[in-house]
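Accompanying notes for the structure given below.
Numbering (this note's numbering), first residue to last: 3 to 694.
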């Protein structure tokens with residue numbers, strides 16, 4: 003133990019030799035005292051350490067003086083002139099104060115003022131020069147004393163000048179004033195505790211002891227505290243937690259062009275949320291443009307200060323510009339309308355934590371308001387918490403919405419995603435994502451492209467349903483899939499579509515894997531219930547499982563279909579009363595093209611066709627493909643339907659059919675409408691091979 007204390011003292015000496023700052027030395031001494039602990043049993047170490055601490059303080063004082071002399075000697079002629087002017091200003095207390103309004107982010111009214119130091123009679127000397135040379139000549143104490151005394155005397159003697167509002171007074175907390183100054187300042191603060199706010203401007207890190215003393219002093223006087231320049235330098239989380247102030251002033255560097263920076267918005271939103279969770283008012287400092295103003299208001303800031311809302315003036319203003327007041331109120335109304343309608347308005351480039359959206363009482367997230375083309379928003383969730391939120395877009399939105407490990411449950415009678423008519427959106431899938439109760443609504447004049455490398459599972463269990471597309475009485479917009487992972491759609495209901503809509507539209511599947519499973523009365527896995535649907539499927543792995551009274555795996559239930567499958571693997575399992583594997587169960591006509599693909603159809607139904615329109619015309623082309631049909635039914639066909647005309651072309655393909663049917667044939671196509679060219683074809687009907 004004795005040896006450890008000797009090593010602690012040795013370490014102190016080595017570290018103290020490197021220092022030139024009294025604050026750093028005091029922190030090092032505090033750490034050493036804490037590590038040494040009780041020295042009652044080793045009085046010689048106690049005496050040694052005390053002497054070392056005194057010597058170190060004297061040594062650092064001499065070093066500081068030497069450093070100051072060196073810096074003064076290095077000043078240019080221009081800087082020496084500036085120094086002389088600053089010393090004259092400090093010596094004569096030639097300081098006045100301009101007052102910049104701090105306004106409410108709710109209604110634009112003046113909430114308070116910040117007193118900003120200005121030199122009298124020296125227009126070329128700025129507050130920056132005063133602080134610079136005061137620090138160089140160790141006269142920051144004089145600035146601290148003058149600031150407190152001058153501003154507090156104004157507040158005390160002329161309260162009407164400030165219209166009953168508070169005044170923020172800047173203070174450097176590591177500056178220690180003499181006892182007589184502290185006593186007089188304390189008296190003035192006590193008399194004006196309802197009108198003065200002490201704004202802490204950090205220039206160095208403080209230790210716990212000094213924090214405690216400062217906090218206790220102002221709490222005893224009932225004085226409010228503000229942390230200045232939060233988010234930079236020494237105004238950090240540690241100081242915030244130590245002070246637990248009444249106000250946090252978010253630094254200008256975080257607010258400049260904030261409307262164009264996702265990282266800044268995310269950071270500032272976190273600061274504001276921390277403030278609100280802890281009863282602190284968040285103040286946006288240095289707001290200079292209309293765009294910055296709107297952004298910080300929508301992020302939830304409480305107070306605003308900056309050249310845009312009001313410049314520092316010799317006399318405090320009772321009201322700011324009426325046009326700016328109106329603008330603030332419009333932005334505040336926009337925020338309130340979102341809250342009142344339980345709507346969260348996303349910012350361009352933002353990463354939105356859905357769990358927090360729900361905690362804030364919002365049930366919808368609006369994406370696209372004020373966005374530029376190409377914008378991107380990330381919706382982040384967790385596999386643990388299911389969130390009841392609907393994601394909506396504006397009609398002019400053109401950009402990307404990324405979902406990252408979300409688990410959404412649709413609101414009543416709503417999809418999980420509602421695209422506005424006319425928008426063009428990419429849905430980027432990241433991680434594992436789940437949608438339940440509703441899917442993704444894409445209106446007729448909209449476009450959706452699914453991209454990304456994550457997985458998406460959609461589970462719907464409604465009487466009428468759709469997974470990705472639109473409702474059963476509407477057309478859907480263009481649906482494009484270029485993702486590189488798995489989409490799973492599971493549906494139970496009376497009537498619905500996995501990918502598509504009631505009236506149809508275009509579907510283009512360019513990549514990825516798919517598993518679509520449905521049970522119910524009427525259903526289509528990919529396509530439409532009625533009207534015409536266009537389906538272009540290539541370079542993917544697709545599997546459908548359909549169990550319905552009447553249904554079609556790929557195509558249309560009652561309408562026409564144009565289906566192309568290329569360079570893909572497709573497996574179909576379908577069963578019911580009236581079923582079409584690929585085509586139309588009860589529509590007019592279909593055209594189906596299979597090229598360089600692997601298709602396996604397993605269909606069981608009373609009335610069915612594996613490929614074709616069961617009651618209409620069929621045009622079927624199979625080339626360079628492996629094509630397998632296993633089917634059974636009372637009135638079952640492999641190609642085409644009972645009525646209408648069937649054209650069948652098979653070129654350089656390996657086709658195998660195993661059909662059980664009372665019809666005695668695998669197609670009703672006329673021999674002249676059948677083309678067999680190359681490849682290998684085996685057609686087995688009721689256990690026996692037959693020619694077409």
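The beta-carbon is built from N, C-alpha and C at its ideal position, and this holds for glycine as well.
Worksheet entry | Which residues DSSP lists as bridging residue 679, in chain order | Along the chain shown, one-based indexing puts residue 679 at 677. DSSP, once it has assigned bridges, lists 653 as partnering residue 679.
Item to complete: Note down, in chain order, each residue of its chain lying with its Cβ closer than 7 Å to the Cβ of residue 456, except the 5 sequence neighbours on either side.
Response: Position 454 of the chain shown, counted from the first residue, corresponds to residue 456. Excluding residues within five positions, the ones whose Cβ falls inside 7 Å are 431, 432, 433, 434, 435, 487.
Worksheet item: For residue 1, which residues from the same chain have a beta carbon less than 6 Å from its beta carbon, with the 5 sequence-adjacent residues on both sides left out?
Response: Outside the displayed span of the chain (3 to 694) sits residue 1, for which this structure offers no information.
Practice prompt. Tell me whether residue 170 is buried or exposed, calling it buried when 16 or more other Cβ atoms sit within 10 Å of its Cβ.
Written response: One-based indexing of the chain shown puts residue 170 at position 168. By the neighbour-count rule (16 or more Cβ atoms within 10 Å), residue 170 is buried.
Discussion item. Could you compute how far the alpha carbon of residue 299 sits from the alpha carbon of residue 318?
Written reply: Looking up residue 299 in the chain shown gives position 297. Looking up residue 318 in the chain shown gives position 316. Cα to Cα, residue 299 sits roughly 24 Å from residue 318.
Worksheet item: With a CB to CB cut of under 6 Å and the five nearest residues on each side skipped, what residues in its chain are close to residue 543?
Response: On the chain shown, residue 543 is found 541 positions in, with the first residue counted as 1. Within the same chain, residue 543 has close Cβ partners 515, 571.
Worksheet item: Which residue or residues does DSSP assign as beta-bridge partners of residue 663?
Response: Taking the first residue of the chain shown as position 1, residue 663 is located at position 661. Paired residues: 635.
Discussion item. So for residue 98, helix, strand or coil by DSSP?
Written reply: Along the chain shown, one-based indexing puts residue 98 at 96. Residue state, collapsed to three classes: strand.
Worksheet entry | Identified DSSP bridge partners for residue 232 | As a first step, residue 232 must be located in the chain shown, where it is residue number 230. DSSP, once it has assigned bridges, lists 252 as partnering residue 232.
Worksheet item: Can you tell which of 379, 388, 651, 659 has its C-alpha closest to the C-alpha of residue 674?
Response: For the purposes of this step, residue 674 is identified with residue 672 of the chain shown, where counting begins at 1. Checking every option, the nearest Cα to that of residue 674 belongs to 651.
Discussion item. In the DSSP output, what is residue 427 paired with across the bridge?
Written reply: Against the chain shown, residue 427 aligns to sequence position 425. Per DSSP, 401, 450.
Fill in: Buried versus exposed, by CB contacts within 10 Å (16 or more), residue 401
To locate residue 401, count along the chain shown from 1; it is residue 399. By the 10 Å Cβ count, residue 401 comes out buried.
Worksheet item: Do three or more CB pairs link the region 407-422 to the region 438-450 at distances below 8 Å?
Response: yes
Item to complete: Specify the secondary structure class of residue 261 as computed by DSSP and reduced to three states.
Response: Working through the chain shown from its first residue, we reach residue 261 at position 259. Residue 261 falls in the helix class under three-state DSSP.
Worksheet item: So, is residue 122 buried or exposed, given that buried needs 16 or more other C-beta atoms within 10 angstroms?
Response: Reading the chain shown from its first residue, position 120 is the one you call residue 122. Result: exposed.
Worksheet entry | Rounded straight-line distance, which links the Cα of residue 224 to that of residue 119 | Here residue 119 corresponds to residue number 117 of the chain shown, with the count starting at 1. Here residue 224 corresponds to residue number 222 of the chain shown, with the count starting at 1. Taking the straight line joining both Cα atoms gives about 25 Å.
Worksheet item: Taking 8 Å as the line, does the beta carbon of residue 560 fall inside it for any heavy atom of the ligand SAH?
Response: This structure simply doesn't include the ligand SAH, nor any ligand for that matter.
Discussion item. Taking the beta carbon of residue 475 as the centre, do at least 16 other beta carbons fall within 10 Å, making it buried, or is it exposed?
Written reply: Sequence index remark: in the chain shown, residue 475 carries index 473 (1-based). Result: exposed.
Fill in: Cα-Cα separation, residue 311 to residue 83
Along the chain shown, one-based indexing puts residue 311 at 309. Along the chain shown, one-based indexing puts residue 83 at 81. Taking the straight line from one Cα to the other gives about 36 Å.
Worksheet item: Between residue 90 and residue 96, what straight-line distance do the alpha-carbon atoms span, to the nearest angstrom?
Response: On the chain shown, residue 90 is found 88 positions in, with the first residue counted as 1. On the chain shown, residue 96 is found 94 positions in, with the first residue counted as 1. Straight-line Cα distance between these residues: approximately 8 Å.
Discussion item. Just to confirm the assignment: which complete beta strand (DSSP E) runs, minimum length 3, are found wholly within the region 345-378?
Written reply: 345-347, 353-355, 366-369
Discussion item. Check whether the region 522-534 and the region 493-508 are in contact - that is, three or more C-beta pairs closer than 8 Å.
Written reply: yes
Discussion item. Can you give me the C-alpha to C-alpha distance between residue 292 and residue 195, rounded to a whole angstrom?
Written reply: If you number the chain shown from 1, residue 292 lands on position 290. If you number the chain shown from 1, residue 195 lands on position 193. Whole-angstrom Cα-Cα distance: 34 Å.
Worksheet item: Using the C-alpha atoms, what's the distance from residue 576 back to residue 555?
Response: Counting from 1 along the chain shown, the entry for residue 555 is found at position 553. Counting from 1 along the chain shown, the entry for residue 576 is found at position 574. Using only the alpha carbons, I get a separation of about 7 Å.
Fill in: Unbroken alpha helix (DSSP H) run spanning residue 188, endpoints
The count along the chain shown starts at 1 and reaches residue 188 at position 186. Its alpha helix (DSSP H) spans residues 181-193.
Worksheet item: In terms of residues, what are the limits of the alpha helix (DSSP H) holding residue 146?
Response: Taking the first residue of the chain shown as position 1, residue 146 is located at position 144. Residues 142-159.
Practice prompt. Could you check what DSSP says for residue 477 in three-state terms: helix, strand or coil?
Written response: Against the chain shown, residue 477 aligns to sequence position 475. If DSSP states are grouped into helix, strand and coil, residue 477 belongs with the strands.
Practice prompt. Can you give me the start and stop residues for the alpha helix (DSSP H) that residue 131 sits inside?
Written response: Taking the first residue of the chain shown as position 1, residue 131 is located at position 129. Residues 129-138.
Worksheet item: What separation, rounded to the nearest whole angstrom, lies between the Cα atoms of residue 712 and residue 261?
Response: Here the chain covers residues 3 to 694 and nothing more, so residue 712 does not appear.
Item to complete: Please classify residue 497: does DSSP put it in a helix, a strand, or coil?
Response: To locate residue 497, count along the chain shown from 1; it is residue 495. Looking at residue 497 - three-state DSSP - the assignment turns out to be strand.
Item to complete: Using alpha carbons as the reference points, say which of 454, 163, 130, 645 lies closest to residue 513.
Response: To locate residue 513, count along the chain shown from 1; it is residue 511. Here the closest residue by C-alpha is 454.
Worksheet item: For residue 587 versus residue 553, is the C-beta distance shorter than 9 Å?
Response: Counted from its first residue, the chain shown places residue 587 at position 585. Counted from its first residue, the chain shown places residue 553 at position 551. A contact, by the Cβ cut-off of 9 Å.
Worksheet item: On the three-pair Cβ rule with 8 Å, is the region 134-145 touching the region 276-295?
Response: no
Fill in: Exposure of residue 29, with buried meaning 16 or more beta-carbon neighbours within 10 Å
Residue mapping note: residue 29 aligns to position 27 of the chain shown, counting from 1. Flag for residue 29 reads buried.
Practice prompt. Tell me whether the beta-carbon of residue 519 lies closer than 9 Å to the beta-carbon of residue 468.
Written response: Your numbering for residue 519 matches position 517 in the chain shown. Your numbering for residue 468 matches position 466 in the chain shown. In this structure, residue 468 does not lie closer than 9 Å to residue 519 by Cβ.
Fill in: Chain-order list of residues whose beta-carbon lies under 6 Å from that of residue 266 (same chain, five-residue window excluded)
In the chain shown, the residue the question calls residue 266 occupies position 264. So the qualifying residues of the chain are 256, 260.
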